[in-house]
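Colleague: For the sequence shown, this note's numbering begins at 1 and goes up steadily by one.
From the three backbone atoms N, C-alpha and C, an ideal C-beta is built for every residue, glycine too.
The structure presented is a predicted model; accordingly, all values stated were derived computationally and were not measured.
The structure that follows is given in the form of structure tokens.
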Amino acid sequence: MMDMKQSIGELIESALQDCYPGVENLPSAQEVTGYLEIPPEKEMGDYAFPCFKLSRALHMGPPQIASALAGAVSAPHLCEAKQQGGYLNFFLNRDNFAQKTLEAVLAAGERYGASELGKGKTVCLDFSSINIAKRFHIGHLSTTMIGQSLRRIYDFLGYRTVAINHLGDWGTQFGKLICAYKLWGDQATVEQKGVEELTRLYVLFHEEAEKNPALEDEGRRWFKAIEDGDEEAMSLFNWFKELTLRDTQRVYDLLGVTFDSYNGEAFYNDKMGRVIDELKAKNLLTLSEGASIVDLDEEKTGMPPCLILKKDGATLYATRDIAAALWRKDEYDFDKCLYVVAYQQDLHFRQWFKVIEKMGYPWYKDLVHVAFGMISYEGQSLSTRKGHVVYLEELLLSAKEKALKIIEEKSPELENKDEVARQVGIGAVIYADLQAGRIKDIDFSWDRALSFDGETGPYVQYTHARCCSVLRKAAEYGEEEPDYTALGDDYAQELLRQLSRFPEAVKDAADRYEPSVMTRTVTELCKAYNKFYYENRILNAEPGERAARLRLTLAAKNAIKTGLYLIGMEAPERM
Ligand code: ARG
């Protein structure tokens with residue numbers, strides 16, 4: 001906990017002044033606090049101060065310093081200090097630590113760990129960013145959930161967040177799709193089947209175009225018609241978009257994901273002039289085989305040129321990203337703009353970030369590619385071509401169904417089984433997705449995701465429900481005065497330690513754009529609660545002990561719920 005650490009820093013500062021009067025430039029409490037470490041072994045205490053940091057200033061060996069300081073620190077209500085080699089180890093006073101931690105957690109309720117850190121700052125998050133006329137498949141799960149989680153984390157830290165679904169709604173494929181629809185499509189079928197039917201038409205186009213290449217020209221003509229704003233082309237194109245968004249909305253509803261903006265690639269179509277003009281004015285645009293490019297000094301940067309305009313004057317993915325960044329900077333004045341996109345697009349982002357830098361915008365530094373690894377399903381890599389596509393809606397619905405079966409076995413008398421099955425099934429998928437560091441490749445497996453043991457969504461949710469159940473049963477005892485000495489055992493202390501680290505974990509997750517920090521934190525919290533629960537009597541303890549252990553249970557429940565919220569999961573009270 002921050003203020004425990006700080007208090008220890010202050011103790012060291014004053015001990016230093018007592019031991020070394022007259023020495024100039026002794027470190028401040030703040031500096032000392034920064035040096036404090038968490039020892040690798042519990043036997044070494046709760047915090048350790050590495051005295052070698054001071055050897056040079058004091059012309060003394062670390063053990064000597066540690067032993068002098070140990071003699072000078074005296075604050076038994078807070079901690080005990082012991083020299084161990086070159087370290088000064090601090091052992092917190094357990095009762096005081098318990099009381100202070102619980103007071104902090106319980107005062108904050110479900111906002112424990114929230115802060116005003118980001119007050120006045122804006123973070124744009126570009127995530128999910130689906131492609132029009134394509135079905136939402138499991139390959140888009142990570143961007144959606146990492147984005148959603150980071151958005152909640154930044155919100156929680158007081159930032160203003162803007163969640164942007166940068167739709168993939170531009171490109172010649174939409175001309176082809178219109179062409180296919182005009183030839184073989186049927187309004188009622190498309191209306192009814194949505195993206196599934198659009199996909200069928202698109203595949204059909206490619207099959208037919210192999211036999212009859214003239215279709216490609218026809219497709220290009222239709223795309224030109226979209227570019228020119230032709231009425232019929234636009235109305236079909238917008239209809240395809242609506243259908244896609246309608247289908248995806250069902251998935252977003254299941255996942256609880258929302259956006260502030262759906263401005264996609266097409267939105268920037270009339271904002272390209274500015275990009276081209278600026279690049280020209282800044283002498284960055286060069287012609288290469290008829291195309292316009294920005295040279296990125298490949299020798300130095302290792303990056304090939306960034307393609308801005310094709311021979312025929314058409315813009316590219318990168319051009320639209322540059323236009324979008326300029327527009328977002330004007331519109332939102334972001335302090336950071338995050339792009340939650342697979343690591344395969346690494347070069348693309350490095351290239352156009354470099355273009356922004358070359359344009360002289362200092363905020364190129366605030367553009368961050370939050371990359372993530374690949375997902376496979378039951379050991380099979382995903383490939384649309386080989387037919388191993390796993391559609392997200394089907395995955396989520398079957399997660400719910402499988403969860404329902406388990407619940408029917410485990411708790412047949414549960415009232416709102418259907419609702420809980422949704423929370424548990426979807427939660428299991430989200431947890432599995434956000435469990436490992438984002439850059440790792442992951443394999444989704446039903447057995448692992450839905451297990452109630454080990455590190456899974458159901459395990460964490462179940463622990464939360466267990467806390468709720470203890471608290472429900474406790475209602476009959478009313479208010480009792482807590483006796484904090486009842487929380488002196490190792491299990492309670494470990495749980496308190498996990499709780500005390502929660503706020504820093506939230507910040508760490510934000511700093512590293514890493515939702516898995518929260519997944520890990522909430523899992524450790526649950527493990528610690530379950531140990532505490534098995535090792536201690538709670539309801540049938542003495543009144544003072546009971547009150548203290550119930551307060552600890554309530555604190556754990558709140559923090560678990562908050563942690564789940566921050567990774568995008570719900571927390572059922574019974575399951
Ligand atoms: N639609 C793209 C895809 O599915 C992702 C877009 C990411 N965002 C961006 N601004 N480039 O691959």
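Could you tell me which residues DSSP pairs with residue 79 in its beta bridges?
Modeller: Here residue 79 corresponds to residue number 79 of the sequence shown, with the count starting at 1. DSSP lists 75, 92 as partners of residue 79.
Colleague: Do residue 122 and residue 443 come within 8 Å of each other at the CB atom, strictly closer than that value?
Modeller: Counting from one through the sequence shown, the residue named residue 443 turns up at place 443. Counting from one through the sequence shown, the residue named residue 122 turns up at place 122. Cβ atoms of residue 443 and residue 122: not closer than 8 Å.
Colleague: Tell me whether residue 165, by its Cβ, gets closer than 7 Å to a heavy atom of ligand 1.
Modeller: Here residue 165 refers to the residue found at position 165 of the sequence shown. Every heavy atom of ligand 1 is 7 Å or more from the Cβ of residue 165, so no.
Colleague: By the three-class DSSP mapping on this structure, what secondary structure does residue 293 have?
Modeller: Within the sequence shown, residue 293 is the residue found at index 293, counting from 1. Note: residue 293 maps to strand in three-state DSSP.
Colleague: Determine the direct distance from the alpha carbon of residue 166 to that of residue 280, and round the result to whole angstroms.
Modeller: The residue you call residue 280 lines up with position 280 of the sequence shown. The residue you call residue 166 lines up with position 166 of the sequence shown. The C-alpha of residue 280 lies about 26 Å from the C-alpha of residue 166.
Colleague: Can you give me the Cβ contacts of residue 115 inside the same chain, cut-off strictly under 7 Å, excluding the 5 residues immediately before and after it?
Modeller: Here residue 115 refers to the residue found at position 115 of the sequence shown. Counting only Cβ-Cβ distances below 7 Å, and skipping sequence neighbours, we find 157, 158.
Colleague: Residue 366 to residue 337, Cα distance in whole Å?
Modeller: The count along the sequence shown starts at 1 and reaches residue 366 at position 366. The count along the sequence shown starts at 1 and reaches residue 337 at position 337. Roughly 6 Å between the two C-alpha positions.
Colleague: Would you call the stretch 25-32 and the stretch 88-99 touching, i.e. three or more CB-CB distances under 8 Å?
Modeller: no
Colleague: Tell me, please, whether the stretch 424-440 touches the stretch 456-467 by the rule of three or more beta-carbon pairs shorter than 8 Å.
Modeller: yes
Colleague: From the DSSP output, in three-state form, read off residue 536 for me.
Modeller: If you number the sequence shown from 1, residue 536 lands on position 536. Looking at residue 536 - three-state DSSP - the assignment turns out to be coil, as it is neither helix nor strand.
Colleague: Mind checking whether residue 66 and residue 83 have CB atoms under 8 Å apart?
Modeller: Taking the sequence shown and counting its residues from 1, the one referred to as residue 66 is at position 66. Taking the sequence shown and counting its residues from 1, the one referred to as residue 83 is at position 83. Closer than 8 Å, so yes.
Colleague: If we define contact as Cβ-Cβ less than 8 Å, is residue 236 a contact residue for chain D?
Modeller: Here there is only one protein chain, and chain D is not present.
Colleague: At which residues does the alpha helix (DSSP H) containing residue 391 begin and terminate?
Modeller: Position 391 of the sequence shown holds residue 391. No alpha helix (DSSP H) holds residue 391; DSSP gives it neither H nor E.
Colleague: My assumption, with CB atoms under 8 Å, is that residue 306 sits in contact with residue 351. Please give the rounded CB distance.
Modeller: As a position in the sequence shown, residue 306 is number 306, starting the count at 1. As a position in the sequence shown, residue 351 is number 351, starting the count at 1. Indeed, because the Cβ distance is near 4 Å, the residues count as touching under 8 Å.
Colleague: Sorted by chain position, which residues of the same chain lie with C-beta nearer than 6 Å to residue 577's C-beta, five sequence neighbours on each side aside?
Modeller: Because residue 577 is not part of the residues shown, which for the chain are 1 to 575, the question remains open.
Colleague: Could you spell out the range, first to last residue, of the alpha helix (DSSP H) harbouring residue 151?
Modeller: Within the sequence shown, the letter at position 151 stands for residue 151. Where residue 151 is concerned, the enclosing alpha helix (DSSP H) stretches over 141-156.
Colleague: According to DSSP, is residue 435 helix, strand or coil?
Modeller: Position 435 of the sequence shown, counted from the first residue, corresponds to residue 435. Reduced to three states, the DSSP call for residue 435 is coil.
Colleague: Can you look up residue 50 in the DSSP assignment and give me helix, strand or coil?
Modeller: One-based indexing of the sequence shown puts residue 50 at position 50. Collapsing the DSSP output to three states places residue 50 in a strand.
Colleague: Go ahead and pull the three-state DSSP assignment for residue 114.
Modeller: As a first step, residue 114 is located in the sequence shown; it is residue number 114 there, counting from the start. In the three-state scheme derived from DSSP, where H, G and I count as helix and E and B as strand, residue 114 is classed as coil.
Colleague: Does at least one heavy atom of ligand 1 sit under 7 Å from the Cβ of residue 339?
Modeller: Position 339 of the sequence shown holds residue 339. Checking every heavy atom of ligand 1 against the Cβ of residue 339, one is found closer than 7 Å.
Colleague: Roughly how many whole angstroms lie between the Cα atoms of residue 566 and residue 262?
Modeller: For the purposes of this step, residue 566 is taken as residue 566 along the sequence shown, with counting starting at 1. For the purposes of this step, residue 262 is taken as residue 262 along the sequence shown, with counting starting at 1. So the two alpha carbons sit approximately 23 Å from each other.
Colleague: Indicate the three-state DSSP secondary structure (helix, strand or coil) for residue 164 in the structure shown.
Modeller: Here residue 164 refers to the residue found at position 164 when the sequence shown is read from its first residue. DSSP places residue 164 in strand when its eight states are reduced to three.
Colleague: Could you give the residue range of the alpha helix (DSSP H) that holds residue 349?
Modeller: Position 349 of the sequence shown, counting from 1, holds the residue named residue 349. Run containing residue 349: 346-358, per the alpha helix (DSSP H) assignment.
Colleague: What do you reckon, are the CB atoms on residue 399 and residue 102 nearer than 8 Å?
Modeller: For the purposes of this step, residue 399 is taken as the residue at position 399 of the sequence shown. For the purposes of this step, residue 102 is taken as the residue at position 102 of the sequence shown. Not closer than 8 Å, so no.
Colleague: Measure from the alpha carbon of residue 374 to the alpha carbon of each residue in 317, 325, 441, then state which is nearest.
Modeller: For the purposes of this step, residue 374 is identified with residue 374 of the sequence shown, where counting begins at 1. Out of 317, 325, 441, 441 has the C-alpha closest to the C-alpha of residue 374.
Colleague: Going by C-alpha to C-alpha distance, which of 401, 356, 228, 172 sits closest to residue 368?
Modeller: Counted from its first residue, the sequence shown places residue 368 at position 368. For residue 368, the nearest C-alpha among the options comes from 356.
Colleague: Would you give the residue range spanned by the beta strand (DSSP E) that residue 308 belongs to?
Modeller: In the sequence shown, counting from the first residue as 1, residue 308 sits at position 308. Counting along the chain, the beta strand (DSSP E) containing residue 308 begins and ends at 306-309.
Colleague: Would you say the beta carbon of residue 324 is closer than 7 Å to some non-hydrogen atom of ligand 1?
Modeller: As a first step, residue 324 must be located in the sequence shown, where it is residue number 324. Yes, the Cβ of residue 324 comes within 7 Å of a heavy atom of ligand 1.
Colleague: What does residue 137 pair with, by DSSP beta-bridge criteria?
Modeller: Here residue 137 refers to the residue found at position 137 when the sequence shown is read from its first residue. Note: residue 137 sits in a beta bridge opposite 391.
Colleague: Could you spell out where the beta strand (DSSP E) holding residue 442 opens and where it closes?
Modeller: Start at 1 with the first residue of the sequence shown, and residue 442 comes out as number 442. Run containing residue 442: 442-444, per the beta strand (DSSP E) assignment.
Colleague: Do you know offhand how far residue 244's Cα is from residue 130's?
Modeller: Here residue 244 refers to the residue found at position 244 of the sequence shown. Here residue 130 refers to the residue found at position 130 of the sequence shown. Roughly 9 Å separates the two Cα atoms.
Colleague: What would DSSP say about residue 449, mapped onto helix, strand or coil?
Modeller: Counting from 1 along the sequence shown, the entry for residue 449 is found at position 449. Three-state DSSP puts residue 449 in a helix.
Colleague: Would you decide whether residue 94 is buried or exposed? Buried here means 16 or more other CB atoms lie within 10 Å of its CB.
Modeller: As a first step, residue 94 is located in the sequence shown; it is residue number 94 there, counting from the start. The residue is buried, with at least 16 neighbouring Cβ atoms inside 10 Å.
Colleague: Taking just the CA atoms, how far does residue 552 sit from residue 491?
Modeller: Mapped onto the sequence shown, residue 491 falls at position 491. Mapped onto the sequence shown, residue 552 falls at position 552. Rounded to the nearest angstrom, the gap between the Cα atoms of residue 491 and residue 552 is 11 Å.
Colleague: Taking all protein chains shown into account, decide if residue 283 is buried (16 or more other Cβ within 10 angstroms of its Cβ) or exposed.
Modeller: In the sequence shown, the residue the question calls residue 283 occupies position 283. Exposed, by the Cβ-count rule.
Colleague: Is there contact between the stretch 183-191 and the stretch 135-144, where contact requires at least three CB pairs shorter than 8 Å?
Modeller: no
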